[in-house]
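Chemist:
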Amino acid sequence: ANSLFLSLSLSFSLSLLSFNTINFAEGGFDQFTRSYQSYGVHRRSDSTLLLKEWAPGAQALYLTGDFNAWEKLSHPFTPKAFGKWELSLPPKPDGSPAIQHLSKLKVGLFHFSYLFRISPWATYVTKTLDSVTYDWIHWDPPQPYKCQHRRPPQPRCPRIYEAHVGIASPREEIASYKNFILDVLPRVKDLGYNCLQLMAVMEHAYYASFGYQVTNFFAASSRFGTPDDLKALVDRAHSLGIIVLLDMVHSHASSNTEDGLNYFDGTDSCFFHAGPRGEHSHWGSRLFNYSSWEVSRFLLSNLRWWMDEYGFDGFRFDGVTSMLYHHHGVGVSFSGSYCEYFGMQVDEDAVVHLMLSNYILHKLYPDCITIAEDVSGMPGLCRPIQEGGLGFDHRLAMAVPDKWIQILKEVKDEDWDMWNIVHTLTNRRRGEKSICYAESHDQALVGDKSLAFWLMDKEMYTNMSALITMTPVIDRGMQLHKLIRLLTHSLGGEGYLNFMGNEFGHPEWLDFPRKGNEESYRYARRQYNLVDTEHLRYRQLYAFDRDMNQTEDKYGWLSSGPAVVSTLDQADKVIVFERAKLLFIFNFHPSASFSHYRVAVQHAGKYKIQLNSDEVRYGGHGRIQSDTEFFTEPMAFRNQLRSFLVSAI
């Protein structure tokens, strides 16, 4: 207990010291975290261009590009204190800026030899088909996109649609922001998701990295369109009442040099730890030096850039486990013992960085939502900073999807352990909100497959037509798909997440184009055409997912207290619990239905069915009448004072 108190006190004291130091030295944290307004390239009202970079290891710095016919030495930066460099470019005689919109640029760096680099603050980079590396493109449109809609208020609880713009099409290609606006956003709205989480937006040279090897932190991926196209996407989502979260990667960076941060100033440090400490052995990427003043400036300003420039409403922080510990979670199995979370293995600099990130975001943007991807179960991750917590709003319940996949891989249908399932879904710290999910993008990556494909496998290719009788495999698979998702949604947390396409039981897996698959896009797409085909049963799964979200929106179980579980019957494979004054009844038995089944309830009165997975429109068999009414009896049952008989489950 003493070591826990000391660790929490240390983290809070260090974060307070950092905050006060920034306030004193930089004229306030607001100015410090808006450094994107002074670093990089900026046009003044008289069309003078001001450029600023931080390159402490550089011996000289130059700007070259289309504007000076690629003269390497004609436009040198002036060295300033603390490794900073500045350059001023007067306007042309006609009053226009010296660098035109969409011109190519490079930073010329001298560190024992002349090196080409892209500014870490570059806001737009592109790559031609015949090029190996990305080019820095000066983005300064004469009429930039202006958002028309305000941010929606923070939802009572997030129902998240996790999406990747590039795969959001049934065609074997890289889809666009514009395609997403037209074809995906209407589906998100119709399904009842109030939150869109976008992956792979921060520019990444390697498409198959799924966006997790970021090269350019201030640039929106040009594969999908222009910065204005992304702004239009966020703006359109806001018009539909949907908030938008960005998958934020501050846990590491790509090891690319010419078009990334690595060796930006010619040294292996600059933004990263020098030597082996600055390398992630498992990911092959570079690790930030969170104790560096300028790294803090860069990363904290990066958060504000995406909030201010694009209108995002919050972030899902990727790889938080890797940040929290010096061992990065590699080869470590967390048992839940508190000694695993506090001690010399904790990277206090990273902890302080995350605390500052959350403080600044929530102070400046009160409705901002932050979600942590942490597999370790760090205590206090979602507690207020003043308590010594890290200040996140939610954590991902990462054990839940792993449990579902493990069950489907290893356990026969008739051997499912109801107690173990419920324990996994409810095993979370009180006072720390969780986002629960049955599967995300992680579960569908190559080498694995979607839940629907685990359940129905190759029969999804031939037997999903509603014009033929359901086979036993399709029948059982569809029923379990609905039950798994509803149980996870209703019991597992204070928020819910679905990866695009899984709402209708998307088949197969995800595999991005790479040498190993001959650069194929076959599995790097979402086959929305399946749910758009009227005679296929994917529409039935889609309808259930939509109505599940609508029922939650009506009754608010995600924002209510934890569920009260009254029945865990291993023999019958039945789970019964109450939450938000709703009674949830699940029958997981592979072959048996039950009539006149008694269930316990807390509240007396009349009960009516609000959602019935056995309805024909959901691919069920219509054995349960949805308009049936049930009346409680003063008969004690399973530790409750009241109960009633359910005619059939």
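Mapped onto my numbering, the consecutive letters of the sequence shown carry residue numbers -12 to 636. Cβ atoms here follow ideal geometry from the backbone N, Cα and C, with glycine treated the same way.
How long is the line joining the alpha carbons of Met457 and Phe259, rounded to whole angstroms?
Modeler: Along the sequence shown, read from residue 1 onward, the residue named residue 457 stands at position 470. Along the sequence shown, read from residue 1 onward, the residue named residue 259 stands at position 272. Computed Cα separation, rounded: 56 angstroms.
Chemist: From His576, His88, Asp122, pick the residue whose C-alpha is nearest to that of Asp404; which is it?
Modeler: As a first step, residue 404 is located in the sequence shown; it is residue number 417 there, counting from the start. For the residues His576, His88, Asp122, the minimum Cα distance to Asp404 belongs to His576.
Chemist: Please return the same chain residues whose Cβ sits closer than 6 angstroms to the Cβ of Trp293, not counting the five positions on each side in sequence.
Modeler: The residue labelled residue 293 in the question sits at position 306 within the sequence shown. Same-chain partners within the cutoff: Leu233, Phe299.
Chemist: Go through the segment 16 to 103 residue by residue and report every complete run of the alpha helix (DSSP H) that reaches 4 residues or more, in order.
Modeler: Listed in chain order, they are 16 to 19.
Chemist: Counting pairs of Cβ atoms below 8 angstroms between the segment 379 to 391 and the segment 474 to 482, do you hit three or more?
Modeler: With a cut-off of 8 angstroms, the segment 474 to 482 and the segment 379 to 391 count as touching, because enough Cβ pairs lie within range.
Chemist: Evaluate Arg174 with the Cβ neighbour count: other Cβ atoms within 10 Å of its Cβ, from every protein chain shown; 16 or more gives buried, anything less gives exposed.
Modeler: For the purposes of this step, residue 174 is taken as the residue at position 187 of the sequence shown. By the neighbour-count rule (16 or more Cβ atoms within 10 Å), Arg174 is buried.
Chemist: Just to confirm, is the Cβ distance from Asn489 to Ala431 under 9 angstroms?
Modeler: Start at 1 with the first residue of the sequence shown, and residue 489 comes out as number 502. Start at 1 with the first residue of the sequence shown, and residue 431 comes out as number 444. In this structure, Ala431 lies closer than 9 angstroms to Asn489 by Cβ.
Chemist: Is DSSP giving Trp496 helix, strand or coil here?
Modeler: Stepping through the sequence shown from its first residue, residue 496 is reached at position 509. Note: Trp496 maps to coil in three-state DSSP.
Chemist: How long is the line joining the alpha carbons of Val282 and Val201, rounded to whole angstroms?
Modeler: As a working mapping, residue 282 is identified with position 295 in the sequence shown. As a working mapping, residue 201 is identified with position 214 in the sequence shown. Rounded to the nearest angstrom, the two C-alpha atoms are 15 angstroms apart.
Chemist: Indicate whether Cys134 and Asp222 have their beta-carbon atoms separated by less than 9 angstroms.
Modeler: In the sequence shown, the residue the question calls residue 134 occupies position 147. In the sequence shown, the residue the question calls residue 222 occupies position 235. Contact: yes.
Chemist: Hey, could you find the ends of the alpha helix (DSSP H) Ala206 is sitting in?
Modeler: Against the sequence shown, residue 206 aligns to sequence position 219. No alpha helix (DSSP H) contains Ala206, which is instead part of the beta strand (DSSP E) from 203 to 207.
Chemist: Let me make sure I understand the geometry here. Which of Phe64, Trp441, Asn276 has the alpha-carbon closest to that of His340?
Modeler: By one-based count along the sequence shown, residue 340 stands at place 353. Answer by Cα proximity: Asn276.
Chemist: Runs of 3 residues minimum, wholly inside the segment 539 to 619: which ones carry the beta strand (DSSP E) assignment?
Modeler: Counting whole runs of 3 or more residues, the segment 539 to 619 contains the beta strand (DSSP E) stretches 551 to 556, 561 to 566, 569 to 574, 582 to 588, 593 to 595, 616 to 618.
Chemist: May I ask you to list the residues that DSSP assigns as paired with Ser452?
Modeler: In the sequence shown, counting from the first residue as 1, residue 452 sits at position 465. Note: Ser452 sits in a beta bridge opposite Leu523.
Chemist: Which runs of the alpha helix (DSSP H) fall wholly inside the segment 122 to 203 and span at least 4 residues, in chain order?
Modeler: Segments of the alpha helix (DSSP H) lying fully in the segment 122 to 203: 172 to 178.
Chemist: In chain order, what are the residue ranges of uninterrupted alpha helix (DSSP H) at least 4 long that sit wholly in the segment 385 to 416?
Modeler: Listed in chain order, the complete alpha helix (DSSP H) runs (minimum 4 residues) inside the segment 385 to 416 are 386 to 397, 405 to 413.
Chemist: Which same chain residues, not among the five before or five after Leu76, have their C-beta less than 6 angstroms away from its C-beta?
Modeler: The residue you call residue 76 lines up with position 89 of the sequence shown. Excluding sequence neighbours, Leu76 sits near Leu36, Ala85.
Chemist: In terms of residues, what are the limits of the beta strand (DSSP E) holding Asn485?
Modeler: For the purposes of this step, residue 485 is taken as residue 498 along the sequence shown, with counting starting at 1. Note, Asn485: beta strand (DSSP E), 482 to 486.
Chemist: Kindly indicate which residue of Ser553, His428, Asn599 has the alpha-carbon position closest to the one of Ser196.
Modeler: Counting from 1 along the sequence shown, the entry for residue 196 is found at position 209. With distances taken between Cα atoms, Ser196 lies closest to His428.
Chemist: Please name the residue in Val338, Phe321, His313, Ser106 whose C-alpha comes closest to that of Met331.
Modeler: Within the sequence shown, numbered from 1, the residue matching residue 331 stands at position 344. Residue His313 is the option with its Cα nearest to Met331.
Chemist: If you measure between the beta carbons of Leu528 and Ala439, is that distance less than 9 angstroms?
Modeler: Here residue 528 is taken as the residue at index 541 of the sequence shown, counted from 1. Here residue 439 is taken as the residue at index 452 of the sequence shown, counted from 1. The answer is yes: Cβ separation under 9 angstroms.
Chemist: For the beta strand (DSSP E) containing Ser421, list its first residue and its last residue.
Modeler: In the sequence shown, counting from the first residue as 1, residue 421 sits at position 434. Where Ser421 is concerned, the enclosing beta strand (DSSP E) stretches over 420 to 423.
Chemist: Can you list, in chain order, the residues of its chain with a C-beta nearer than 8 angstroms to that of Ile422? Leave out the 5 residues immediately preceding and following it.
Modeler: By one-based count along the sequence shown, residue 422 stands at place 435. Answer for Ile422: Pro145, Ile147, Ile358, His381, Arg382, Leu383, Ala384, Gly480, Glu481, Gly482, Tyr483, Leu484, listed in chain order.
Chemist: Beta carbon of Lys176, beta carbon of Ile230: below 9 angstroms?
Modeler: Within the sequence shown, the letter at position 189 stands for residue 176. Within the sequence shown, the letter at position 243 stands for residue 230. In this structure, Ile230 does not lie closer than 9 angstroms to Lys176 by Cβ.
Chemist: Helix, strand or coil for Glu266 per DSSP?
Modeler: Here residue 266 refers to the residue found at position 279 of the sequence shown. Glu266 falls in the strand class under three-state DSSP.
Chemist: Does DSSP classify Tyr111 as helix, strand or coil?
Modeler: Numbered from 1 along the sequence shown, position 124 holds the residue referred to as residue 111. Note: Tyr111 maps to coil in three-state DSSP.
Chemist: So, do the segment 623 to 633 and the segment 582 to 599 have three or more beta carbon pairs nearer to each other than 8 angstroms?
Modeler: Because the criterion of three Cβ pairs below 8 angstroms is met, the segment 623 to 633 and the segment 582 to 599 touch.
Chemist: Met342: buried (16+ other C-beta within 10 angstroms of its C-beta) or exposed?
Modeler: Here residue 342 refers to the residue found at position 355 when the sequence shown is read from its first residue. Buried, by the Cβ-count rule.
Chemist: Between the alpha carbons of Gln46 and Phe285, how many angstroms are there, rounded?
Modeler: To locate residue 46, count along the sequence shown from 1; it is residue 59. To locate residue 285, count along the sequence shown from 1; it is residue 298. One C-alpha to the other measures close to 21 angstroms.
Chemist: CA-CA distance, Ser25 and Leu185?
Modeler: Reading the sequence shown from its first residue, position 38 is the one you call residue 25. Reading the sequence shown from its first residue, position 198 is the one you call residue 185. Rounded to the nearest angstrom, the two C-alpha atoms are 27 angstroms apart.
Chemist: Sorted by chain position, which residues of the same chain lie with C-beta nearer than 6 angstroms to Phe491's C-beta, five sequence neighbours on each side aside?
Modeler: Along the sequence shown, one-based indexing puts residue 491 at 504. Cβ within range, chain order: Val518, Tyr525, Leu528, Tyr529.
Chemist: For Thr8, name the three-state secondary structure that DSSP assigns.
Modeler: Position 21 of the sequence shown holds residue 8. Residue state, collapsed to three classes: helix.
Chemist: Taking Cβ positions only, does Phe631 come closer than 9 angstroms to chain C?
Modeler: Absent from the structure: chain C. Only one protein chain is present.
Chemist: State the start and end residues of the unbroken alpha helix (DSSP H) segment that holds Val460.
Modeler: Residue mapping note: residue 460 aligns to position 473 of the sequence shown, counting from 1. Element bounds for Val460: 459 to 478.
Chemist: Let me check understanding here. Comparing Cα to Cα, which of Phe211, Gly606, Ile105, Val152 lies closest to Met451?
Modeler: Translated into the one-based positions of the sequence shown, residue 451 becomes position 464. Out of Phe211, Gly606, Ile105, Val152, Gly606 has the C-alpha closest to the C-alpha of Met451.
Chemist: Considering only their Cβ atoms, is the gap separating Val236 from Gly306 smaller than 9 angstroms?
Modeler: Against the sequence shown, residue 306 aligns to sequence position 319. Against the sequence shown, residue 236 aligns to sequence position 249. In this structure, Val236 lies closer than 9 angstroms to Gly306 by Cβ.
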